[in-house]
Every structure is written in structure tokens, then in C-alpha cells.
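Chains as they are written, first to last, in my numbering: chain A, 57 to 165; chain B, 39 to 154.
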């Protein structure tokens with residue numbers, strides 16, 4: 057059974073701090089996606105990483121795909137209250153997405 | 039196109055009643071997914087369609103759940119004889135992957151089901 061484990065499960069920090077959340081698996085994925093979900097809404101795709109070692113930046117968010125395509129990290133610089141949400145990773149395996157349970161992030165002003 | 043649309047946004051029902059949810063995907067997307075999500079968890083796969091064909095259904099899915107996509111456009115998810123454990127957010131997503139590794143889902147806002 058393929059699993060994606062996300063850590064930490066919950067993170068609460070002050071505005072302006074930096075943070076990193078992780079998405080780990082023992083399985084290899086053809087690509088990995090990060091989504092952000094706000095309460096009462098569906099997840100919204102942030103980025104897809106495809107190549108091992110790939111790094112993508114989206115403003116203050118930096119996404120990295122592990123060399124072996126089994127893990128990924130999301131780093132946020134100078135976090136803002138608008139970054140608050142549930143961050144989900146999903147691995148693409150044989151046209152099916154395997155989902156992590158998410159990291160709930162709260163940025164306090 | 040305004041994205042994936044789900045109706046209703048909220049549904050409150052009594053245990054034992056049947057409920058039906060509707061999803062209108064992005065018009066050019068050939069894949070449609072149904073997920074269930076409970077608080078603090080990631081989406082749990084229920085089923086998916088490629089055009090009008092239902093290609094996969096979760097083995098964890100009770101026989102009380104059924105989904106259709108009759109013309110390859112909108113889809114409905116029906117839950118018969120609802121139970122309190124069915125209370126969750128039901129999410130619909132659509133996609134149109136160009137190849138392996140290109141599965142990008144666009145989600146609707148979900149239907150929040152509460153079974154009393």
C-alpha cells in the first residue's frame with residue numbers, strides 16, 4: 057500500500073517566521089503535487105514537481121522534490137496570515153493520486 | 039468556465055434517508071473524481087470516471103454509495119440509507135491529464151453532509 061506521510065500534522069507560528077513542512081513516502085511517484093485548502097473549500101493546486109531534485113518557487117513558497125522522487129518539502133519564507141490553511145501533498149502513481157493527511161498551518165499576526 | 043461546481047453546498051439529513059449530490063466539472067475535462075474528506079484528514083478516494091465510464095471504485099466504499107456520469111458531463115453521487123458515519127465533506131474534482139505525471143485536479147467547493 058502506498059502511503060504519503062506529512063509532517064508536522066499541525067504548525068502554529070508567528071507572522072514573519074520561516075517554516076518547512078514535509079511529505080515522505082517509501083514509494084516512487086511520477087510527480088508530486090502540493091495543494092492548499094481553506095476551511096469549507098476544496099483543495100487548490102499550488103505546484104506540481106516532476107523531476108527528481110526539482111525546485112520550484114512560487115513567490116515566498118519553495119517546493120523541492122527529492123532526488124529519488126519519494127519525498128518533497130515545502131518551505132515558506134516570512135509567513136503571512138494569508139498562508140494559513142491545510143497543506144496537502146499528493147503523489148501521482150499510475151494515473152491515481154495518493155494523498156497525505158495534510159499539515160494544518162496557522163500563521164498568527 | 040467558472041470551474042467545478044457542486045450542489046448543494048450543505049445538506050442536513052436524518053439517518054436512513056437517501057441523499058444525492060451533483061457535480062458539474064470543467065467542461066473540457068474528461069476525468070471526474072469523487073472524494074470524501076473528514077476534519078483534519080486528506081481526501082479519501084471514492085470513485086472516478088473517464089468520460090461516462092466508471093473506471094474505479096474504492097474497495098472501502100459501501101454498496102449504499104453509487105455514482106453516475108450518464109453523458110460524460112455532470113455526475114451525481116447518491117448515498118442510500120445514510121448513517122451518521124457518512125457525515126463528511128464530499129468533494130468532486132475534474133482533470134484532463136496529457137500523460138503520466140500530469141494529473142492535476144481542480145476541485146469544487148464540496149458538499150458538507152451532516153447526518154443526524
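Glycine residues also receive a C-beta, built at the ideal position from the N, C-alpha and C atoms.
| said: Taking CB distances under 8 Å as the criterion, tell me whether residue 120 of chain A reaches chain B. | reply: Interface annotation, residue 120 of chain A: not in contact with chain B, CB-CB separation never under 8 Å.
| task | Check whether the region 141 to 156 of chain A touches the region 112 to 126 of chain B, taking contact to mean three or more Cβ pairs, one atom from each stretch, closer than 8 Å. | result | No, the region 141 to 156 of chain A is not in contact with the region 112 to 126 of chain B.
| request: Return the first residue and the last residue of the beta strand (DSSP E) that residue 66 of chain A is part of. | output: Residue 66 of chain A: member of the beta strand (DSSP E) spanning 66 to 70, first to last residue.
| Are the C-beta of residue 92 of chain B and some C-beta of chain A separated by less than 8 Å? | Not flagged as an interface residue toward chain A: residue 92 of chain B, since no C-beta distance is shorter than 8 Å.
| query | Is the region 155 to 163 of chain A touching the region 68 to 80 of chain B, taking contact as three or more C-beta pairs under 8 Å? | reply | The region 155 to 163 of chain A is in contact with the region 68 to 80 of chain B.
| Which residues of chain B have a Cβ atom closer than 7 Å to the Cβ of residue 64 of chain A, listed in chain order? | The premise fails here: residue 64 of chain A is roughly 13 Å from chain B at the closest Cβ pair, so nothing lies under 7 Å.
| In angstroms, rounded to a whole number, what distance separates the CA positions of residue 77 of chain A and residue 133 of chain A? | The alpha-carbon atoms of residue 77 of chain A and residue 133 of chain A are separated by roughly 12 Å.
| residue 109 of chain A touches chain B at which residues, Cβ-Cβ below 7 Å? | Chain B residues near residue 109 of chain A: none, gap ~15 Å exceeds 7 Å.
| request: State the DSSP-derived secondary structure class of residue 122 of chain B, mapped to helix, strand or coil. | output: Here residue 122 of chain B carries a helix assignment [DSSP, helix/strand/coil].
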